[in-house]
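Engineer: Residue numbers for the sequence shown follow the numbering used here, beginning at 1237 and rising by one.
Before we start, here is the structure in question, set down as structure tokens.
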Amino acid sequence: MMAPPVLWPWQGGKARLAAGIASRLPSHRAYVEPFAGTAAVFLAKARSPIEVLNDANGDIIAVYRCLQDPVTMRHLVRRLRWTPISRAEWRRAKDSAPIGDTVEQAARFLIRLTQGFGGKPDSSSWGGGMASDIQSRVDRLLHRLPVVADRLRGVALESGDWSDVATRYDRVDTVCYLDPPYVGTDGDYGMAWTLADQTHLVNTVLQMRSMVVLSGYEHPTTLALVDAGWHQETYRLPVGVKGRTEATGLARGRLAAQDYRTECLWWSPSAWAHANRQLAWF
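This is the structure we're talking about:
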């Protein structure tokens, strides 16, 4: 059975690595993603007794909340299907939704995402025009919503500080997968990630009892993980438009060094030990 696709593309998202990461996760009772975003790894893995998705961006969680209720999902689908492709609608979607209106909050986020230039919800330019692919983005999104909705059944949703959620569910039988923003960036959703944030993250995961798996770029702060016995893996991935054509073979052999990014995966000692123990059983 194929895993549900992510609802929207995200620079730095784990769609390409998700299946590989999910297939290697150690056995667990609870699964927690403190930085859910597109939740690519969650969507690629089998269900667990307890599953928690958190994101500090309330718009993202509003989308997932709508999908957990058949009534609100129908309202959201109707809103998206019949929203005109227009600069005026895109501008209106940039305004805050009425307090308590989860459907409208989710809809405005998805309208910004599908109609913003480059498919980014925080874009400063409308993405319409003669070469626009807005309608195809909307159609793709509408097709994926019901599939993701089914996977979200029974999942606990939070929209708070990542470390509060990670420590709340910190147990030895928990897998905690973290994919934070990159240091010095605002991410795709305007959520800044500073050196202080990164340092706090490293210090926090070093104290956790959970089986922790962390994604990100190599950074001076992550040296502490390796020093503490964490296993580090490195992946070289193509990025941007050239990267997408490389996947089809059209750009193979033509990519320069700047067309790639190097990502890392860190496994806590307990996560790595349990993952390898599972492999030994087969």
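Don't be surprised by glycine CBs; every beta carbon is placed ideally from N, CA and C.
Quick one: Cα of L1450 to Cα of D1397, how far?
Structural biologist: Distance between the alpha carbons of L1450 and D1397 is about 17 Å.
Engineer: Pull up the distance between the alpha-carbon of I1297 and that of E1394, whole angstroms please.
Structural biologist: Computed Cα separation, rounded: 7 Å.
Engineer: Is it true that the segment 1370 to 1381 meets the segment 1267 to 1274, where meeting means three or more beta-carbon pairs spaced less than 8 Å apart?
Structural biologist: As far as the Cβ criterion goes, the segment 1370 to 1381 does not touch the segment 1267 to 1274, which means the pair count is below three.
Engineer: Since L1279 contacts P1334 with CB under 8 Å, what's their CB separation in whole angstroms?
Structural biologist: Not a contact, Cβ separation roughly 30 Å.
Engineer: Once DSSP output is grouped into helix, strand and coil, what is the label at Y1418?
Structural biologist: Three-state DSSP puts Y1418 in coil, outside helix and strand.
Engineer: From A1282, R1265 and M1309, pick the residue whose C-alpha is nearest to that of G1256; which is it?
Structural biologist: Answer by Cα proximity: A1282.
Engineer: So is Q1434 buried or exposed if we call it buried at 16+ other beta carbons inside 10 Å?
Structural biologist: Q1434 comes out buried.
Engineer: Count the other C-beta atoms from every protein chain shown that fall within 10 angstroms of the C-beta of E1269, then say buried if there are 16 or more, exposed otherwise.
Structural biologist: With 16 or more Cβ atoms within 10 Å of its Cβ, E1269 is classed as buried.
Engineer: For a quick check, are the C-beta atoms of V1299 and L1261 less than 8 Å apart?
Structural biologist: Not closer than 8 Å, so no.
Engineer: Starting from H1436, trace the alpha helix (DSSP H) both ways and give me its first and last residue.
Structural biologist: Where H1436 is concerned, the enclosing alpha helix (DSSP H) stretches over L1431 to L1442.
Engineer: Ordered along the chain, which non-local residues of its own chain (more than five positions away) have a Cβ less than 7 Å from that of A1343?
Structural biologist: Within the same chain, A1343 has close Cβ partners L1312, R1315 and L1316.
Engineer: Just mark V1391 as buried or exposed, buried being the case when its beta carbon has 16 or more other beta carbons within 10 Å.
Structural biologist: Buried, by the Cβ-count rule.
Engineer: In terms of alpha-carbon separation, which member of Q1371, G1365 and V1408 lies closest to T1319?
Structural biologist: Closest option to T1319, Cα to Cα, is Q1371.
Engineer: Extract the residue ranges of the alpha helix (DSSP H) inside the segment 1323 to 1396, only unbroken runs of 4 or more that lie entirely within it.
Structural biologist: Fully enclosed alpha helix (DSSP H) runs of 4 or longer: 1323 to 1329, 1338 to 1351 and 1370 to 1387.
Engineer: According to the Cβ coordinates, are T1410 and H1510 closer than 8 Å?
Structural biologist: No, they are not a contact pair.
Engineer: In angstroms with no decimal places, state the Cα-to-Cα distance between N1512 and S1361.
Structural biologist: Distance between the alpha carbons of N1512 and S1361: 47 Å.
Engineer: Compute every distance between the C-beta of G1352 and the non-hydrogen atoms of the ligand FAD, then say whether any falls below 7 Å.
Structural biologist: Absent from the structure shown: the ligand FAD. Ligands present: none.
Engineer: Could you please give the first and the last residue of the uninterrupted beta strand (DSSP E) stretch that includes S1451?
Structural biologist: M1447 to G1452 is the extent of the beta strand (DSSP E) around S1451.
Engineer: My understanding is that G1364 touches R1323, with C-beta atoms under 8 Å, so please give their C-beta distance in whole angstroms.
Structural biologist: Rounded, the Cβ-Cβ distance is 6 Å, consistent with contact.
Engineer: Looking at the structure shown, is T1498 part of a helix, part of a strand, or coil, going by DSSP?
Structural biologist: It is a strand residue.
Engineer: My understanding is that L1473 touches R1497, with C-beta atoms under 8 Å, so please give their C-beta distance in whole angstroms.
Structural biologist: L1473 to R1497, Cβ: 6 Å. Contact.
Engineer: Confirm, please, whether the CB-CB distance from S1506 to V1441 is below 8 Å.
Structural biologist: Not closer than 8 Å, so no.
Engineer: Rounded to a whole number of angstroms, what is the C-alpha to C-alpha distance between P1245 and G1355?
Structural biologist: Roughly 8 Å between the two C-alpha positions.
Engineer: Please report the straight-line C-alpha distance between Y1471 and E1499, rounded to a whole angstrom.
Structural biologist: Rounded to whole angstroms, Y1471 to E1499 spans 5 Å at the Cα level.
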